[in-house]
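Below is one structure; the comments refer to it alone.
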Amino acid sequence: SLALHHPFSAICKIQNFEDWGMNEDYFRKENQTIETALKFESDPTPQLQLIENYLRSQVSATTLDEYFIKSLPKYVQHLLKRSDYDDEIPARVNSFLQSVLTFIILKMNSDIPELLETLIRIFNPAHSPFYLKFSREDRREGHWEPFFLQQNIEYFAEHDGFQTILNRIKNTEPKPNLLIVKLLIKPCVKAKEYLNPIFFIPIIEELKEIVISHVLNLTDDELKNEEKSVLSDISSQLETLIRNNNAKASE
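The opening position of the sequence shown corresponds to residue 165 in our numbering, with each subsequent residue numbered one higher.
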């Protein structure tokens, strides 16, 4: 259903990216120009479109462009640090963020840390002036409503993003290492305040079970290759989610 309903299904049939001057070396050569535009241009739409087009080409690529994937978290960070957009630009930027979310869902099984770190950044309002500036204030309650952040977390949920996280941890062929498991749990921690408990409590209950099962089924040799700090971080994240579940369930 994701492929049918998301704008990625309306991909231009680009047969040859060299026709656009966009081969695997493109982002190495043009990265500084792209980053400067994302940081300073009043309307970075051309750069957003360019990145989206390349994301679409990467959906079906047998080998991902490593340089581009490693640049993606920086692109997102530059956009979230801005609060100076006018008119329709904030909505265009957020549409781009949702295109990135779609790509991350489609490539979740690739176990690419940079993609999961990008997901965490999109879900993190801290140090994100974009979310703070382009939000709606609830004057009755005296607090701000993170409109685009809420949209993005709900978008991820509606496109089976959280179920995809669960499926990746459950899938043992290949078995994800603990760093990947930690990075898969973190978006759930970030999203916990923004989703309907009726939807999210069962997600976290299943997450708890499969993570505990995953850790218990690690062999001694596999455990030796994992950093103890990562296992500690996973435990802390689960405790946070379980406490949140208990609090929501008692409301």
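Glycine residues also receive a C-beta, built at the ideal position from the N, C-alpha and C atoms.
Task: Proximity winner among T226, P340, I284 and K193, relative to P237 (alpha-carbon distances) - done: Comparing Cα positions, the closest option is I284.
Open item on the list: Using the three-state DSSP reduction, which class does A225 fall into: helix, strand or coil?
Closed with: Of the three classes helix, strand and coil, the one that applies to A225 here is coil, per DSSP.
- [ ] Mind listing, in chain order, the continuous alpha helix (DSSP H) runs of no fewer than 4 residues lying wholly within the region 259-312?
- [x] Counting whole runs of 4 or more residues, the region 259-312 contains the alpha helix (DSSP H) stretches 277-286 and 293-297.
Task: Beta-carbon contacts of V353 that lie in its chain and below 8 Å, excluding the five residues immediately before and after - done: Q401, T404 and L405.
Task: Residue span of the alpha helix (DSSP H) that contains S247, given as start and end - done: Looking at the DSSP string, S247 is not in any alpha helix (DSSP H), and its letter there is neither H nor E.
TODO: Taking the CB atoms as reference points, tell me whether L202 and Q213 lie closer together than 8 Å.
DONE: Not in contact: L202 and Q213 (Cβ atoms no closer than 8 Å).
Open item on the list: Does D229 pass the burial test, meaning 16 or more other C-beta atoms within 10 Å, or should it be called exposed?
Closed with: Label assigned to D229: buried.
Open item on the list: Rounded to the nearest angstrom, what separates P351 and R220 at their Cα positions?
Closed with: Those two C-alpha atoms are separated by around 23 Å.
- [ ] Quick one: measure Cβ to Cβ for P293 and R246, integer angstroms, because I've assumed they're closer than 8 Å.
- [x] Sure, about 6 Å apart at Cβ, within 8 Å.
Task: alpha helix (DSSP H) segment containing T328, residue limits - done: Start and end: G325 to K334.
TODO: Note down the Cα distance separating I416 from D250, rounded to an integer number of angstroms.
DONE: Nothing can be reported for residue 416: it is not among the residues displayed for the chain, which extend from 165 to 415.
- [ ] Decide if I376 is buried, meaning its Cβ has at least 16 other Cβ atoms within 10 Å, or exposed.
- [x] Exposed is the call here.
- [ ] Give me the Cβ distance between F312 and F326, rounded to the nearest whole Å; I'm assuming they're in contact under 8 Å.
- [x] The Cβ separation is near 19 Å, so there is no contact.
Open item on the list: Quick check: what's the CA-CA separation for E216 versus V394?
Closed with: In a straight line, the C-alpha of E216 is about 33 Å away from that of V394.
TODO: Let me know the secondary structure DSSP gives N217 once reduced to three states.
DONE: In the structure shown, N217 adopts helical secondary structure according to DSSP, grouped into three states.
Task: When D397, S259, F232 and T383 are compared against L279, the one with the closest alpha-carbon - done: The candidate whose alpha carbon is nearest that of L279 is F232.
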